[in-house]
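K.L.:
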Amino acid sequence: MIKRLLLAVLFACLLVSVSAGTCSAQYSMTEQELIRLEQIFQQLDENNRQLLSELDESKTDLQTARLKLGEYQKDLAALQNQLQVLRAELTAAKQNLLTAQDLLTKANESLQTYEREVQSEIRGLKLQRGILVVGLGYVMFR
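Here the sequence shown stands for residues -20 to -1, 1 to 122, where the numbers follow mature numbering (1 follows the signal peptide of the UniProt record, and there is no 0).
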């Protein structure tokens, strides 16, 4: 871009010098200066072609990067959807776990209550057996 500007400035200078030459003064250029000026123009032309080639390459790279970005955005959207599904499943699983823990706690309490009732019944039966043994022993030994 700068080289194009430099080329334009040089060209403008040449035009001014040519038009100024027609007005009042003439500018003469040596062969070496002309050769050097042609070399500069050739170098500018070469640089311009190289920059255009690099620009085309950059456009291609940009297009490829945009395509990849689109793919990555689709992948990201899919992963976000999966994350939402997994979060919902996790919430449901947590709720199920809490429910199961609550049921387990209630079952354990019920089992402990039943165990106390059975122990009480066993004590009652032992007491009845003891009374029966004593009563039978009394009846038999009388």
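Where is the CB? At the ideal position from N, CA and C, for every residue including glycine.
Is DSSP giving Met6 helix, strand or coil here?
P.N.:
Looking at the sequence provided, one finds Gln at residue 6 rather than Met. If DSSP states are grouped into helix, strand and coil, Gln6 belongs with coil.
K.L.:
On the three-state DSSP scale, how would you describe Phe(-10)?
P.N.:
Phe(-10) falls in the helix class under three-state DSSP.
K.L.:
With H, G and I counted as helix, E and B as strand and the rest as coil, what does DSSP make of Phe21?
P.N.:
The answer is helix: DSSP assigns Phe21 an H, G or I state.
K.L.:
Can you give me the C-alpha to C-alpha distance between Phe21 and Leu49, rounded to a whole angstrom?
P.N.:
When rounded, the distance between both Cα atoms is 41 Å.
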